[in-house]
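Q: Here it is: the structure, laid out below.
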Amino acid sequence: MGNLHDRVKERWPHAVLELHDDRGDETVVLMRDDFTVIMKALKEDPEFDFQMLMDLTAVDGKDLGWKPRFEVVYHLYSLSKNHRLRVKVRVNERDALMPTATTLWAIADWFEREVWDMFGIRFEGHPDLRRILMYDEFVGHPLRKDYPHNKRQPLIGPKN
Amino acid sequence: MPELKKTRKESMLLNIGPTHPAMHGIVRIIAELDGEEVVDTDVEIGYLHRAFEKHAEQDGYLQVIPYTDRLNYVSPLINNTGYCLAVEKLFGLETTERAKYIRVIMNELSRVTDHLTCVGASAMELGAFTVFLYMIKAREMIYQLIEEVTGARLTISYTRIGGVKADLPPDFASKCREILGECRGVLKEVDQLVTRNRIFVDRLKDIGVISQADAVAYGITGPFLRSTGIDYDVRRAAPYLVYDHFDFEIPVGEHGDNFDRYLVRMDEMEQSMRIVEQALDKIPGGPVLLDTQGNEISAADMVDEAKMGRVTGLCGKSASTDPTLEGSGRGIYEKIESGNKEAMMPPKEMTYSSIEGLMNHFKTVMVGHGIRPPKGEVYFPVEGANGELGFYIVSDGTDRPYRVRVRPPCFVIMAALSKILKGDTLADIVPTFGSVNMIGGELDR
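Heads up: the sequence lines are chains A and B, in that order.
Just so we're aligned, residue 0 is where the first sequence starts under numbering that gives the first Met the number 0, counting upward by one.
Just so we're aligned, residue 0 is where the second sequence starts under numbering that gives the first Met the number 0, counting upward by one.
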């Protein structure tokens with residue numbers, strides 16, 4: 000048995016870049032290339048059984064000098080096993096692209112739209128990647144660290 | 000048999016919202032209708048986006064607390080608690096036993112007000128205006144109780160990192176019991192008015208149905224998930240504070256329709272009230288901490304003395320505080336806050352009256368000082384009124400949170416709304432939307 004993140008590491012030793020259980024939150028950092036396969040296994044394998052994607056967000060590491068700049072963070076929860084796992088994937092600014100998780104969890108649809116809206120990370124294979132909280136004419140991605148927090152943009156009136 | 004002439008299918012687009020009397024917040028639903036049937040909908044959100052997550056990165060950890068009030072403004076105490084618990088997890092800090100009980104009591108009262116609002120408002124939209132008025136009356140009583148404890152009705156900012164702002168007022172327990180009794184009366188009346196009311200039941204039963212599998216795929220939690228028969232509740236699955244000390248049930252539904260959600264919410268209110276009553280019985284009054292025994296002084300006196308410059312007599316004394324900061328002497332601070340000076344804010348009266356208090360305040364509040372949790376990241380889920388409310392906080396070791404993320408419980412339900420509405424009629428949009436209990440502040444942040 001062993002801990003959850005250890006089991007993930009044992010099973011996919013090459014894909015797990017880092018792992019920790021700081022303050023009890025078990026975390027694995029995955030390589031992007033293996034992301035879809037591992038997430039599918041995490042969801043469907045009865046050993047893990049993560050039926051729920053609780054949260055999906057991103058962190059911009061610009062001010063901390065992270066390389067790659069972004070971390071996309073998934074919080075998984077299993078109803079049957081009552082355990083949680085945090086899965087992180089690092090993506091570059093120039094190549095800010097993630098494989099979509101919409102095929103596994105329906106909720107990834109809106110969460111991914113939010114991450115695209117706020118951080119400008121694209122999700123490949125997403126059915127309808129639009130802005131969700133901001134309006135279509137908004138320029139930039141507000142939760143990026145280089146977006147000034149007090150910047151104003153003109154309000155957009157109705158089209159035509 | 001003659002071949003039936005195929006009727007021409009022509010759908011109509013109907014725009015509902017962003018501002019609409021039946022919308023509890025600002026949200027836009029563009030419905031594609033075939034006659035009265037909803038073929039498809041596009042739910043557009045974001046009208047109340049206030050950049051909570053961006054603002055949270057600009058100020059210190061303590062300054063985020065007032066923003067959390069404005070997330071779910073129907074049950075702000077739960078948001079307060081969720082955020083503070085997440086930061087406490089970063090610090091590795093445990094609050095005092097009494098503070099935990101106070102938080103539980105306030106959380107459950109908040110849950111009751113939230114459900115009262117939700118059920119009352121949805122009943123009103125179906126014509127049951129009496130129910131709305133009764134429930135708002137009950138909510139008003141609880142709001143007054145909350146006001147006595149926190150000093151405000153809505154924007155309460157009651158919890159602090161490491162504890163709560165002030166102790167409960169002296170006659171709280173008896174007042175609370177009395178109000179819960181009245182609430183029960185209201186709930187019983189409402190139950191008699193609508194639960195078997197033909198009009199009400201017909202509008203809710205088998206409407207807005209979501210299957211278990213869909214609810215799980217959409218990450219839905221709270222009463223919405225429980226109405227489908229899954230008994231997931233954070234208070235039971237991962238007990239925080241002192242929820243494991245209480246005896247309560249998790250009401251579940253069966254069909255996942257609007258009517259079951261109504262029933263689940265009604266039952267949950269009863270369970271919440273049971274928890275409050277048990278907490279009132281068990282809450283440790285306890286002796287005041289030894290080192291301050293006999294040293295407490297009314298906050299008002301303390302401030303007055305300090306203004307006159309008679310500070311020598313104040314050395315080593317601590318202020319007894321109350322929510323209105325009038326200092327009428329309501330139990331002392333150490334009972335309700337952890338003693339960790341790195342994390343907790345001193346009572347305001349101490350700031351006004353002693354140099355140590357002022358320095359402590361300066362160190363916790365001023366820009367560039369502030370409280371500094373160690374580096375790391377935490378996710379802390381609590382059971383909000385609409386489901387799992389999670390705070391994901393990344394700390395870089397400075398006085399400002401590097402990233403604060405809220406997992407808003409009604410966001411995921413709104414994501415599923417399009418699917419739920421499909422196939423129902425136009426008139427069903429209103430009760431289904433009502434059962435979502437969308438809170439704009441939390442949805443759009």
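Heads up, the beta-carbon is just placed ideally off N, CA and C, and yes, glycines get one too.
Only a predicted model underlies this, so the values are computations on that prediction, with no experimental measurement involved.
Would you kindly work out how many angstroms separate the C-alpha atoms of A/Leu132 and B/His48, rounded to a whole number?
A: On the first sequence, position 133 is the one that residue 132 of chain A refers to. On the second sequence, position 49 is the one that residue 48 of chain B refers to. So the alpha carbons of these two residues sit roughly 6 Å apart.
Q: With distances taken between CB atoms, is the gap from A/Glu123 to A/Leu55 smaller than 8 Å?
A: Taking the first residue of the first sequence as 1, we reach residue 123 of chain A at position 124. Taking the first residue of the first sequence as 1, we reach residue 55 of chain A at position 56. Contact flag unset, no.
Q: According to DSSP, is B/Gly285 helix, strand or coil?
A: Counting from one through the second sequence, the residue named residue 285 of chain B turns up at place 286. Note on B/Gly285: pLDDT 45, under 50, position unreliable in the model; the coordinate value appears next. If DSSP states are grouped into helix, strand and coil, B/Gly285 belongs with coil.
Q: To the nearest angstrom, how far is the alpha carbon of B/Thr112 from that of B/Cys175?
A: Position 113 of the second sequence holds residue 112 of chain B. Position 176 of the second sequence holds residue 175 of chain B. In a straight line, the C-alpha of B/Thr112 is about 14 Å away from that of B/Cys175.
Q: Is B/Asn79 a contact residue of the ligand SAH, with contact defined as CB to any heavy atom under 7 Å?
A: Ligands displayed in this structure: none; no statement on the ligand SAH is therefore possible.
Q: Can you give the Cα-Cα distance for B/Pro372 and B/Ile64, rounded to whole angstroms?
A: To locate residue 372 of chain B, count along the second sequence from 1; it is residue 373. To locate residue 64 of chain B, count along the second sequence from 1; it is residue 65. Approximately 15 Å between the Cα atoms of the pair.
Q: In the DSSP assignment, what residue or residues form a beta bridge with B/Arg404?
A: In the second sequence, counting from the first residue as 1, residue 404 of chain B sits at position 405. DSSP lists B/Tyr391 as partners of B/Arg404.
Q: Which residues, taken in chain order from the segment 40-67 of chain B, show a beta carbon closer than 8 Å to some beta carbon of chain A?
A: Those would be Ile44, Gly45, His48, Ala50, Glu52, Lys53, His54, Glu56 and Gln57, in chain order.
Q: Quick check: what's the CA-CA separation for B/Ala214 versus B/Asn436?
A: To locate residue 214 of chain B, count along the second sequence from 1; it is residue 215. To locate residue 436 of chain B, count along the second sequence from 1; it is residue 437. Cα to Cα, B/Ala214 sits roughly 16 Å from B/Asn436.
Q: Which residues, in order along the segment 219-244 of chain B, keep a beta-carbon less than 7 Å from a beta-carbon of chain A?
A: Correct list: Ile229, Tyr231 and Ala236.
Q: Under 8 Å between beta-carbons, which chain A residues line up against B/Asp443? List them in chain order, please.
A: Translated into positions along the second sequence, residue 443 of chain B becomes position 444. In chain order: Leu132.
Q: Report the CB separation of A/Val72 from A/Ala57 in whole angstroms; it is logged as a contact under 8 Å.
A: Your numbering for residue 72 of chain A matches position 73 in the first sequence. Your numbering for residue 57 of chain A matches position 58 in the first sequence. Sure, about 6 Å apart at Cβ, within 8 Å.
Q: In chain order, what residues of the same chain lie with their CB nearer than 7 Å to the CB of B/Tyr133, ignoring the 5 residues before and after it?
A: Reading the second sequence from its first residue, position 134 is the one you call residue 133 of chain B. Cβ within range, chain order: Val185, Glu188 and Val189.
Q: Chain A beta carbons: is any one of them nearer than 8 Å to that of B/Val393?
A: Residue 393 of chain B sits at position 394 when you count from the first residue of the second sequence. Yes, B/Val393 lies at the interface with chain A (some Cβ there is under 8 Å from its Cβ).
Q: Under 8 Å between beta-carbons, which chain B residues line up against A/Arg22? List them in chain order, please.
A: In the first sequence, counting from the first residue as 1, residue 22 of chain A sits at position 23. Those are Lys88, Leu89, Gly91, Gly375 and Val377, listed as they occur along chain B.
Q: Between which residues of its own chain and B/Glu43 is the CB-CB distance below 6 Å, once the five residues before and five after are set aside?
A: Against the second sequence, residue 43 of chain B aligns to sequence position 44. Answer for B/Glu43: Arg27, listed in chain order.
Q: Is B/Tyr82 close to chain A, meaning its C-beta is less than 8 Å from at least one C-beta of that chain?
A: The residue labelled residue 82 of chain B in the question sits at position 83 within the second sequence. For B/Tyr82, the answer is no, since every Cβ of chain A falls outside 8 Å of its Cβ.
Q: Assign A/Leu55 to one of three DSSP states: helix, strand, or coil.
A: Walking along the first sequence from the start, residue 55 of chain A turns up at place 56. Looking at A/Leu55 - three-state DSSP - the assignment turns out to be strand.
Q: What distance in whole Å lies between the Cβ atoms of A/Leu78 and B/Ile229, which are believed to be in contact at a cut-off of 8 Å?
A: Stepping through the second sequence from its first residue, residue 229 of chain B is reached at position 230. Stepping through the first sequence from its first residue, residue 78 of chain A is reached at position 79. Confirmed, about 7 Å.
Q: Of all Cβ atoms in chain B, is any one closer than 8 Å to the Cβ of A/Val72?
A: Working through the first sequence from its first residue, we reach residue 72 of chain A at position 73. By this cut-off, A/Val72 is an interface position.
Q: What span of residues does the beta strand (DSSP E) with B/Pro238 cover, start to end?
A: Within the second sequence, the letter at position 239 stands for residue 238 of chain B. No beta strand (DSSP E) contains B/Pro238, which DSSP labels as neither H nor E.
Q: In chain A, which residues lie with their C-beta within 9 Å of the C-beta of B/Gly389?
A: For this step, residue 389 of chain B is matched to residue 390 along the second sequence. Within 9 Å Cβ-Cβ: Met53, Asp54 and His74.
Q: Quick one: grab the DSSP three-state call for B/Arg27.
A: Stepping through the second sequence from its first residue, residue 27 of chain B is reached at position 28. Residue state, collapsed to three classes: strand.
Q: Which of helix, strand or coil does DSSP assign to B/Ser142?
A: Within the second sequence, residue 142 of chain B is the residue found at index 143, counting from 1. The residue asked about is misnamed: residue 142 of chain B is Tyr in this sequence, not Ser. Of the three classes helix, strand and coil, the one that applies to B/Tyr142 here is helix, per DSSP.
Q: Whose Cβ in chain A lies nearer than 9 Å to the Cβ of B/Ala216?
A: Mapped onto the second sequence, residue 216 of chain B falls at position 217. Simply Gln50, Met51, Leu52, Leu103, Trp104, Ala105 and Ile106.
Q: Assess contact between the segment 132-151 of chain A and the segment 242-252 of chain B, defined as three or more Cβ pairs (one per stretch) separated by less than 8 Å. Is contact present?
A: No: the two stretches stay apart, fewer than three of their Cβ pairs being nearer than 8 Å.
Q: Interface residues of chain B around A/Leu63 at Cβ under 8 Å?
A: Within the first sequence, the letter at position 64 stands for residue 63 of chain A. Within 8 Å Cβ-Cβ: Asp395 and Tyr401.
Q: Under 8 Å by Cβ, that's how I've got B/Arg402 and B/Val411 pegged, so tell me the actual separation to the nearest angstrom.
A: Position 403 of the second sequence, counted from the first residue, corresponds to residue 402 of chain B. Position 412 of the second sequence, counted from the first residue, corresponds to residue 411 of chain B. B/Arg402 to B/Val411, Cβ: 20 Å. No contact.
Q: Please classify A/Trp115: is it buried, with 16 or more other beta-carbons within 10 angstroms of its beta-carbon, or exposed?
A: Within the first sequence, residue 115 of chain A is the residue found at index 116, counting from 1. Flag for A/Trp115 reads buried.
Q: Looking only at C-alpha atoms, which of A/Leu16, A/Val7 and A/Phe34 sits nearest to A/Thr99?
A: Walking along the first sequence from the start, residue 99 of chain A turns up at place 100. Out of A/Leu16, A/Val7 and A/Phe34, A/Phe34 has the C-alpha closest to the C-alpha of A/Thr99.
Q: Can you name the residues of chain B whose CB is closer than 9 Å to the CB of A/His148?
A: Reading the first sequence from its first residue, position 149 is the one you call residue 148 of chain A. Here the neighbours are Ala50, Lys53, His54, Glu56 and Gln57.
Q: For B/Glu56, I'd like the list of residues in its chain whose CB is within less than 8 Å of its CB, leaving aside the five on either flank, ordered along the chain.
A: Numbered from 1 along the second sequence, position 57 holds the residue referred to as residue 56 of chain B. Taken in chain order, the residues that qualify are Arg399, Pro400, Tyr401, Arg402 and Val403.
Q: Run through chain A and tell me which residues come within less than 9 Å of B/Ala384, C-beta to C-beta.
A: Residue numbering aside, residue 384 of chain B sits at position 385 when the second sequence is read from its first letter. Here the premise fails: no neighbours, minimum Cβ distance about 17 Å.
Q: Here's a check: name, in chain order, each residue in its chain whose Cβ is nearer than 8 Å to the Cβ of B/Asn79, leaving out the five neighbours to either side.
A: As a position in the second sequence, residue 79 of chain B is number 80, starting the count at 1. These residues qualify, in order along the chain: Ile64, Thr67, Asp68, Ile155, Ser156, Tyr157 and Thr158.
Q: Once you ignore the five residues that flank A/Ile120 on each side, which residues in its own chain have a CB closer than 8 Å to its CB?
A: The sequence position of residue 120 of chain A within the first sequence is 121, counting from 1. Cβ neighbours of A/Ile120 beyond the five flanking positions: Ala57, Phe69, Val71, Val90, Ala95, Leu96, Met97 and Val114.
Q: How do the segment 142-151 of chain B and the segment 205-225 of chain B stand: do at least 3 beta-carbon pairs fall below 8 Å, yes or no?
A: The segment 142-151 of chain B is not in contact with the segment 205-225 of chain B.
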